[in-house]
Each structure stands twice: as C-alpha cells, then as structure tokens.
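Line by line, the protein sequences are chains A and B. Residues 1 to 147 (the working numbering) make up the first sequence, in order. Residues 1001 to 1128 (the working numbering) make up the second sequence, in order. As structure tokens, the structure follows; a few thoughts come after it.
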Amino acid sequence: MKSIETKQEYLDYVDKKSPNSPILRNCFNAFWVGGLICSIGQLIFDFCQYKGLDDTMSSTVVSIILIGIAALLTALNIFNKIGKFAGAGSLVPITGFANSIVSPAIEYKSEGYVMGVGGKMFTVAGPVLVFGISTSVIVGIITLFFI
Amino acid sequence: MDFLQSIDWMLLLRCFIVGGLICIVGQILIDKTKLTSARILVIFVTTGVILGAVGIYKYVIDFAGCGATVPLLGFGANLAKGAITEAQTSGLLGAFIGGVKASAGGIAAAIFFGYIASLLAKPKIKKQ
C-alpha cells in the first residue's frame, strides 16, 4: 500500500474504503415500509367507509389510529428500531410526526410533567405546526382575495 | 366477508406505490443533504400546504388515497384545504380557523397519546 501524502489522496482513500453508499438500500426500505404504513391507513380508511363514515371523518380516524399505533410503538421502544431500519419510511408518514411528539415526551419525563413532558413534547413538532399552520393562514387570507 | 369485497385492491396498490415514492423523496433528502429530521418534516408539511393550496395535491389524493393523505404532505394539504374552505364560508375568521380545525383530530391525538405514553413508559437509559 502506498503512503498517503496529500489531503486529496486521503479523501479518495476514505471514499474507496468506506462502504458503498447504502442509499439504494435505504430508499428501498423507505419505499416498502412507507408504502406499507400508507396501505394500513388505506385499509382503515376503507373500513371506515364500509361503516358509513364520510371521507373527512374517515381520514381523521386514519390519522388518529396511525398516531395511536405510533405512540404505542414508541412507548414500547419498537418505533426507533423501525426508524433505524426504514429511515424516511417511518418518518415521512404521520407516524413520524407522532413519534416526534411522543419520543421527547417520554425522554424528558425526568424534568417534570409540565415543563419536561409538556414543554419538550414540541421540540420537533413545534416547528412543524408553526410553519404548517402559518402557511395555512396565509393560504386562507390569499383565498379571500380570489373569491 | 363483505368488507374484503369492498376493498379496491388497485387503489391499495397505487396507495402503496405513491406512499412509498414520497418516502423515497424523504430518504434522498436524509442521505444526500445534511437536513435534520425536524427540517425535513417542516419541508414536507409546508410543501404539502402549498401543493394543496394550488390544487395539485387533490389529484394525487384522488389517485392514491391514503398513499397521499398519510404522508406529511397530506397533513399539509389538509391544513390548506381546511383554510380555503373555511375562508370561503366565513371570511377572514375562517382563514384562521380552517387549517387547524381540519387537522385538529391528528394534532390532539398526537398530544394526548404523547402525554399518556410519557406517563406509562420509562425513559430508556442512554448508552454512552
């Protein structure tokens, strides 16, 4: 093995030795886990429709049930194992939003139930709600000008 | 069973594929950029609001059902849809009420289940 002298050579060396970028495998896992979570949602949706709920109500029921399952799996410490395997597959569906609330809620329990659980709950979900809701208000106001 | 017969299997397949593809976009963002997961969630929800507002996302939902509504894009699109509908019926007040109203179920569920989970679960001990 020839000695490594320049920084560029070192970077090339690291590139060659580090494992092949697992991005394809990551994408594949994200694809099927994400697809599966959506399909479970679709089955719940179909069942709600079968029971006679309308589209809006069915969607809400789907969200609540998936969030409930994600919260349970987070509490049982299973969700982070799925997350490690599936990456965006469990992050991008609504389950990721649920996990982002439940996980810090459990983690910061020791800091108390008000500022610990209640406050830290929104470490990740806070920004999501801030930007999501603010944009929706802007969209609503813009709509007013186009009626 | 009647329920099994009522399932639209083609829709379920489209749901699986579209939902999966949206997750691949997220995975590429994770692998190819240095964005934290919080930023990725923010990007997805905000993009969803915009796609919902310009009316594109409706077609994705028609095509893929929960494959489009379950990812956070759908959460955003739902915020936009609520804000637009409510703004049309009750004006400026509606612009403020609509978005959160449409997604209240999910938000309340996440907060409630989160709090319950924190009461029941023990924080895991961090390995050094």
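Quick reminder that beta carbons are idealized off the backbone N, C-alpha and C, glycines included. These numbers were taken from a predicted model, which means no experiment stands behind them.
Neighbouring residues, chain A, relative to residue i (Cβ below 8 Å)
{"i": "Y1115 (chain B)", "result": "A105, V117, G118 and M121"}
{"i": "T1046 (chain B)", "result": "F131, G132 and T135"}
{"i": "S1006 (chain B)", "result": "D46, Q49 and Y50"}
{"i": "I1111 (chain B)", "result": "I101 and M121"}
Residue-level contact to chain A via CB, residue i, 8 Å cutoff
{"i": "Q1128 (chain B)", "result": "Any answer about Q1128 (chain B) is weak, because its pLDDT of 42 lies below 50 and its placement is not dependable; what the coordinates show is given next. Answer no: the Cβ-Cβ gap between Q1128 (chain B) and chain A never drops below 8 Å."}
{"i": "S1037 (chain B)", "result": "yes"}
{"i": "D1031 (chain B)", "result": "yes"}
{"i": "K1101 (chain B)", "result": "no"}
{"i": "V1049 (chain B)", "result": "yes"}
{"i": "G1076 (chain B)", "result": "yes"}
{"i": "F1016 (chain B)", "result": "yes"}
Cut-off 8 Å between Cβ atoms - residues of its own chain near residue i, not counting five sequence neighbours on either side
{"i": "I1030 (chain B)", "result": "S1037 and I1040"}
{"i": "Q1005 (chain B)", "result": "none"}
{"i": "I992 (chain B)", "result": "In the structure as shown, chain B begins at 1001 and stops at 1128. Residue 992 (chain B) is therefore absent and cannot be evaluated."}
{"i": "S1103 (chain B)", "result": "F1075, N1078, L1079 and G1082"}
{"i": "K120 (chain A)", "result": "P104, A105, E107, Y108 and E111"}
Chain B contact residues for residue i, given Cβ-Cβ distances below 7 Å
{"i": "F85 (chain A)", "result": "Within chain B, no residue comes near F85 (chain A); the closest Cβ sits about 12 Å away, beyond 7 Å."}
{"i": "G92 (chain A)", "result": "At residue 92 (chain A) the sequence reads Val, which differs from the Gly that was named. The answer, in chain order, is I1022, C1023, G1026, F1044, P1071 and L1072."}
{"i": "L11 (chain A)", "result": "None at all; the shortest Cβ gap to chain B is about 17 Å."}
Proximal residues to residue i (C-beta, below 6 Å), its chain only, five neighbours per side dropped
{"i": "Q1128 (chain B)", "result": "Residue placement at Q1128 (chain B) is poorly supported in this model, since its pLDDT is 42, which falls under 50; the coordinates still yield a value, given next. Closer than 6 Å at Cβ, skipping near neighbours: no residue."}
{"i": "V128 (chain A)", "result": "none"}
{"i": "F145 (chain A)", "result": "none"}
{"i": "Q49 (chain A)", "result": "S58"}
Close beta carbons around residue i, own chain, < 7 Å, minus the five adjacent residues each side
{"i": "G41 (chain A)", "result": "V62 and L66"}
Chain B within 8 Å of residue i, Cβ atoms only
{"i": "D54 (chain A)", "result": "no"}
{"i": "F47 (chain A)", "result": "yes"}
{"i": "Y50 (chain A)", "result": "yes"}
{"i": "V124 (chain A)", "result": "yes"}
{"i": "Q8 (chain A)", "result": "no"}
{"i": "G41 (chain A)", "result": "yes"}
{"i": "I141 (chain A)", "result": "yes"}
Proximal residues of chain B, C-beta to C-beta of residue i below 8 Å
{"i": "V128 (chain A)", "result": "A1038, L1041, V1042, V1045 and L1072"}
{"i": "I37 (chain A)", "result": "G1019 and V1070"}
{"i": "V62 (chain A)", "result": "C1066, T1069 and V1070"}
Neighbour list for residue i in chain B, Cβ cutoff strictly below 9 Å
{"i": "K109 (chain A)", "result": "S1118, L1119, A1121, K1122 and P1123"}
Any contact between the region 1109 to 1126 of chain B and the region 99 to 107 of chain A? By contact I mean 3 or more CB pairs, one from each, below 8 Å.
yes
Assess, as a yes-or-no matter, whether the region 1087 to 1101 of chain B is touched by the region 122 to 142 of chain A under the definition of 3 or more beta carbon pairs within less than 8 Å.
yes
Does the structure place the region 111 to 118 of chain A close enough to the region 1047 to 1061 of chain B that three or more beta carbon pairs sit under 8 Å?
no
Three CB pairs or more closer than 8 Å across the region 1010 to 1026 of chain B and the region 1065 to 1074 of chain B:
yes
Counting Cβ pairs, one atom from each stretch, are 3 or more of them under 8 Å apart for the region 85 to 101 of chain A and the region 54 to 61 of chain A?
no
So, do the region 1045 to 1053 of chain B and the region 1076 to 1083 of chain B have three or more beta carbon pairs nearer to each other than 8 Å?
yes
Would you mind listing the beta strand (DSSP E) stretches within the region 1019 to 1043 of chain B that are 3+ residues and don't spill past its ends, in chain order?
none
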